[in-house]
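Okay, structure first, notes after.
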Amino acid sequence: MATKVVMEALSPTMEEGRLVKWVKNEGDTVAKGEVLAEVETDKAVMELVARGDGVLRKRVLGEGQTAPVGQLVGVIAAADEDIGSILSSAPAAAETAGGGAATAAPATPAAPAAPPTPGTPAPTATQAPAATQAPSAPAPSGPAPTAPAPSGPAPSAPVPPHENGGRPRSSPLARRLASDRGLDLGRVQGSGPGGRIIKRDIEAASTAGPSAAPRPAAAGDYTDVPLTQIRKTIARRLTESIGPIPTFYLTMEADLTRTAELRQAMTEAGNEFKVSFNDIILKAVATALARHPEVNAHWLGDRVRQFHRVHLGMAVAIEDGLITPVLFDADRKGLGELSQEARDLAAKARARKLTPNEYTGSTFSVSNLGMFGIGQFTAIINPPESGIVAVGAVEERPVVVDGQVVVRKRVRFTMSCDHRVIDGATGARFLQDVRRMLENPLMIVY
Amino acid sequence: MASYDVIFLGGGPAGYVGAIRCAQLGMSTAVVEREGLGGTCVLWGCIPAKALLESASLAVHVQHGEAFGVTAGNVKLDYGVAMKRSRAVSQQNSKGVEFLFKKHKITWLKGTGRLAGKKSVAVKNADGKDETHEAKKAIVISTGSRVRGLPQVGLELNKTTVLSSDEVLVLERAPKTMAVIGAGAVGCEFADVFSAFGTQVTLIEVLPSLLPLEDAEVSAELARSFKKRKIDVVTGAKIGSAKVGKDSVTLTIDVKGESKTLTVEKVLVATGRAPNVEDLGLKEAGVQLTERGFIKIDARLATTAEGIYAIGDVAGPPMLAHKGSREGIVFAETLAGLPHVQPVPYGNVPNATYCHPEVASVGFTEQQLKDKNVAYKVGKFPFSANGRARTAGETEGFVKILADPKYGEILGAHIIGAHATELIHELVVARENELTIEEVDLAIHAHPTLSEAIAEATLDAMGRVIHA
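Encoded structure:
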């Protein structure tokens, strides 16, 4: 009797698996319990074992392809057994099992996040190569190994991307509640059957805010300032950021002696050549980004988009918040042009005169609080961007040069990295380049 | 001594369904059951009672056949025959479960089980021999519940005059007079059966209405219908005392301050069931009970002892077969680690009472919404305005839907009338999947059907009913 080989739930939270490698070939005799294939789950690479004896007659799922739990991936049967009916039922099974999850069509390469394309430097990843699944939740420590709790109303996994740009699965009531409350269903984690968004998810999403608010102080202690639209947008965007984005931070310090000399020389050449430290830093970051497309990238849920052009967002403080106008093609512009544009955009931002196409479309961002005397800080990633560089104050600091303590102009900059896109070493190499350019500013000109 | 992944103690609708699901998921499974497979549901509850209710329904129909142009001469009612048929149906169903066990290679351990150490179960078989079996993954207590008397008023079950549902199911003939104490589902169903077989029935309920858990309007409609059928309905009544004789019982009943006496041939005590938690070794195993005497479980259906789970009646109300079955399935799928196992939706368990007219409901009653201070709107449609109900001459009852005034969420649904227990599922599906009254109406309902009354009730809630 034939045994269907199906994608099994190899971890309690696994919904789909990527078949990394078939260990058995078609025609191989297999015994119950023998390893058939290696499957990458949301956590690790696991072994898929035979549930019956016989011959591995058919490998339905190809290596590198992904299938939801329950889908037919192969057939074990006697050597002469007719397995046609099992195989013909496979697509149907795939369809029903597919549900909201990504079902790999047999012909398409299925890995959600493709391995580095040839040509791009291979990241010296310190991470295990398990991050190919969509947002891989940290393993929730199950209540008991034998019986994980049924998926109840409090899932902690990040919101999975909704595939194919399709709308998330939701109940009619949930849709009605969400539209009434102005909630975007795409930002709600579903806990219903197959991850469908149901009423309790909408309620959880819309009460999360108020319940977390601090207890009001006595009247008179405070002034209630109503939220402006921009404030609301900031809150929404930043909450979106710190929650589901696994961020880490890298800090680098650069010596600005030569940059200061350059600035000095340019100022001496005439007022029209005057540039700020920030302008030079922006230019250095933009130039480095052009060389590091793996950093100049967006996380798109099911893929990473690396940009060939550098559109640098520049955080500008304004009266009731901040906004990030964009220096388009910042890497291709001359320092003077960039400086002028940065000044213009900042002025427009403060006057609230920016048009939407001036503050959307950035590929990466820079924030600078140096003018406030902040030595170093971390900035929050502006999704779907995968990094932001936070620039501190340019300060004179004692440093050791050739065994002597000397005073040098120094700056510290910290990059927040979305670990789903940027690994430690990748980010470090990028910052090294930024530092090299700031320490040898002629490289920017080159 | 044999070893299994999972052993269930009790083969009722919770245990046997859970066992089948475990087997489907590849676990070796055994069920300890001393009587027949199917438990109370198949042998002493749902199934035989419904078989008798079918006889009752037929009896009523035949007697009213003349208006339909069908006159049956010399209609003879014989409860004994109806009873034997109901036993045969039960046996058939029980055999059906045996067949399912064979199909799924589930072992039936015949005997009485108890917990014996951390991962094992001792089974005493008919010869009194004890065998120990190992449960590698889980032990599931699904021992169900049993009938109980009312000793506090002198109504100890005695198998002759003071009976439980177990005994009335095997009566050879319908008594001339009967008092049914407790007007829950069991009480109302047997009042219906015996009334149809010619017994003068007095139905006594301590609370102010029949089917106290149902919506008050539904209870009132049922009381009206029962009274029309000459069932003596006494609500808000307390049993003062009971004198149990050899062939009769005399009850003293206090109704609204007045004392009445009533002498009947049989008393059926239908005031509730007690969970079977005795002699299972629960205490030694560390399995705790709730204040009400049920086994304490969490959302995973796990008891306070590791590796021991409880499902069905013994794990708490509502004591309904379908609730137990669902717990069995959720248990099995959770144990197997299936993704997206939905917890048992305790707030969406349908209630069904198979008396005539039938009563079915899901969700909140109007009173519960008032008590909870939840805003609602009511949509109601009477079967007297439904074409199909008229053709069948069954115009009693109505559909009542309680919906959120803003979003149309179905908060509660109540149906009384012919086939109510079948009709309710449209609204159970809708509610479980969060369809609102609008989606229910959007689906075209065939004409003429009783289900049209549901669509009309949703329309009524939206202020645009067509046929009323």
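Protein chains in written order, with my numbering: chain Y, 159 to 604; chain X, 7 to 474. Just so you know, even glycine gets a beta-carbon here, dropped at the ideal spot from N, CA and C. Please read these numbers as outputs of a predicted model, since none were measured by experiment.
Item, Value
"DSSP state of Ile-580/Y mapped onto helix, strand, coil", "coil"
"Three-state secondary structure assigned by DSSP to Cys-361/X", "coil"
"Buried or exposed (CB count within 10 angstroms, at least 16 for buried), Leu-458/Y", "exposed"
"Residue-level contact to chain X via CB, Val-603/Y, 7 Å cutoff", "no"
"Selection from Thr-269/X, Gly-188/X, Ser-148/X, Glu-227/X that minimises the alpha carbon distance to Val-37/X", "Ser-148/X"
"Residue from Lys-182/X, Leu-115/X, Leu-156/X, Ile-314/X whose Cα sits closest to the Cα of Val-275/X", "Leu-156/X"
"Beta-carbon gap between Thr-359/X and Ala-191/X smaller than 7 Å", "yes"
"Thr-442/X: contacting residues in chain Y (beta-carbon distance under 8 Å)", "Pro-330, Leu-331, Arg-334"
"Residues of its chain near Ile-472/X, where Cβ-Cβ distance is below 7 Å and the 5 sequence neighbours each way are ignored", "Glu-462, Leu-465"
"As assigned by DSSP and simplified to three states, the class of Leu-106/X", "helix"
"Residues that Ala-225/Y bridges to, as DSSP identifies them", "Gly-175/Y"
"Boundaries (first-last residue) of the beta strand (DSSP E) holding Ser-331/X", "Not the beta strand (DSSP E): Ser-331/X falls in the alpha helix (DSSP H), residues 327 to 341."
"Residues bridged to Trp-457/Y [DSSP beta-bridge criterion]", "Val-462/Y"
"Span separating the alpha-carbon of Val-68/X from that of Leu-429/X", "24 Å"
"For Gln-206/X, the residue or residues it bridges with in DSSP", "Thr-183/X"
"Which listed residue (Thr-442/X, Ala-452/X, Ala-449/X) has its alpha carbon closest to that of Ala-467/X", "Thr-442/X"
"Leu-512/Y versus Phe-435/Y - alpha carbon distance", "24 Å"
"Residues near Gln-294/X by beta carbon distance below 6 Å, same chain, minus five either side", "Lys-302, Thr-310"
"Check whether Ile-145/X and Ala-25/X have beta carbons under 7 Å apart", "no"
"Residues of its chain near Ser-497/Y, where Cβ-Cβ distance is below 6 Å and the 5 sequence neighbours each way are ignored", "Val-433, Asp-437"
"Close-in-space but distant-in-sequence residues of the same chain around Gly-322/X (CB under 6 Å, 5 per side omitted)", "Phe-300"
"Per DSSP, the bridge partner or partners of Ser-525/Y", "Ala-548/Y"
"Local Cβ density within 10 Å of Phe-203/X, reported as buried at 16 or more and exposed below that", "buried"
"Alpha helix (DSSP H) segment containing Val-435/X, residue limits", "426 to 438"
"Helix, strand or coil at Ala-370/Y [DSSP, three-state]", "Confidence is the limiting factor: at Ala-370/Y the pLDDT is only 33, short of 50, which leaves the residue's position unreliable, though a coordinate-based value still follows. Ala-370/Y falls in the helix class under three-state DSSP."
"As assigned by DSSP and simplified to three states, the class of Tyr-22/X", "helix"
"Three-state secondary structure (DSSP) of Ile-438/Y", "helix"
"Beta-carbon neighbours of Glu-173/Y, restricted to chain X and to distances below 7 Å", "Pro-345"
"Lys-116/X, enclosing beta strand (DSSP E) - first and last residue", "113 to 116"
"Own chain partners of Thr-417/Y with C-beta closer than 8 Å, once the 5 adjacent residues on each side are dropped", "Phe-435, Ile-438, Lys-567, Leu-596, Glu-597, Pro-599"
"Top-ranked residue by Cα proximity to Glu-339/X, from Ala-160/Y, Ala-167/Y, Lys-162/Y", "Ala-167/Y"
"Partners in chain X for Ala-167/Y, counting only beta-carbon separations shorter than 9 Å", "Ala-342, Gly-343, Leu-344, Pro-345"
"Segment limits, beta strand (DSSP E) that includes Ile-245/X", "243 to 250"
"Neighbour flag for Lys-357/Y against chain X, beta carbons, 7 Å", "yes"
"Buried versus exposed call for Ala-500/Y [16 or more other C-beta atoms within 10 Å across all chains shown]", "buried"
"Residue-chain proximity (Tyr-413/X, chain Y), Cβ-Cβ < 7 Å", "yes"
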